[in-house]
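These notes are about the structure you will find just below.
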Amino acid sequence: MLIDKVIPSIRAKWPSSGPRKVKIQQDNARPHVPPLDPNVLAACKKDGWDMEIVCQPPNSPDMNVLDLEFFRAIQTLQVEKFSSTIEEIVAATEEAWTAVSMQTLNKNFIALQRCLQEVILKRGGNDYKVA
Numbered sequence: 066m067l068i069d070k071v072i073p074s075i076r077a078k079w080p081s082s083g084p085r086k087v088k089i090q091q092d093n094a095r096p097h098v099p100p101l102d103p104n105v106l107a108a109c110k111k112d113g114w115d116m117e118i119v120c121q122p123p124n125s126p127d128m129n130v131l132d133l134e135f136f137r138a139i140q141t142l143q144v145e146k147f148s149s150t151i152e153e154i155v156a157a158t159e160e161a162w163t164a165v166s167m168q169t170l171n172k173n174f175i176a177l178q179r180c181l182q183e184v185i186l187k188r189g190g191n192d193y194k195v196a
């Protein structure tokens, strides 16, 4: 998935004038690839790109843009549809995904930046509040 879908999609959508240095963050779930997997490293360095796979710090949901607000936004829309089968749940989730506004996504990334700034100010600590 990472080599066949994610990395090519990033390359295709990346601004042509932008730097080709990218960090791809993943959580620490077992299905993810090790950051130093040789096949992933080769895909990350292909065609002059400088991509790096980094893992989210353990027990730090604030550092995961999906955990911050995004899943909640999708779930809020998804639960409005009654679903009694897996297929209906998948369909409702896909419909919710397409209904999430760009403003919601933008606010989510701004919240992530605020969290990252606070962690830097606290020298890596997590004793901060983001308003």
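All residue numbers for the sequence shown refer to the working numbering, where the first residue is 66 and numbers rise by one.
Positions of the beta carbon are idealized from the N, C-alpha and C atoms, including for glycine.
Here the structure is a predicted model, which means the values were calculated and not measured.
Buried or exposed by the 16-neighbour rule on C-beta atoms within 10 Å, applied to residue i
i           : result
residue 128 : buried
residue 94  : exposed
residue 164 : exposed
residue 186 : exposed
residue 139 : buried
residue 101 : exposed
residue 116 : buried
residue 144 : exposed
residue 151 : exposed
residue 133 : buried
residue 198 : Residue 198 lies beyond the range of the chain shown here (66 to 196); nothing can be said about it.
residue 181 : exposed
residue 168 : exposed
Supposed contact pair residue j and residue i - C-beta distance, whole angstroms, cut 8 Å
i           : j           : result
residue 97  : residue 90  : Going by Cβ atoms, the distance from residue 97 to residue 90 rounds to 10 Å, so no, they are not a contact pair.
residue 174 : residue 130 : 6 Å
residue 157 : residue 146 : 4 Å
residue 107 : residue 72  : The Cβ separation is near 10 Å, so there is no contact.
residue 87  : residue 75  : 6 Å
Residue i, enclosing beta strand (DSSP E) - first and last residue
i           : result
residue 91  : 86-91
residue 116 : 115-120
Residue range of the unbroken alpha helix (DSSP H) whose run includes residue i
i           : result
residue 68  : Element bounds for residue 68: n/a, residue is neither H nor E.
residue 162 : 151-164
residue 107 : 103-110
residue 171 : 167-186
residue 137 : 136-143
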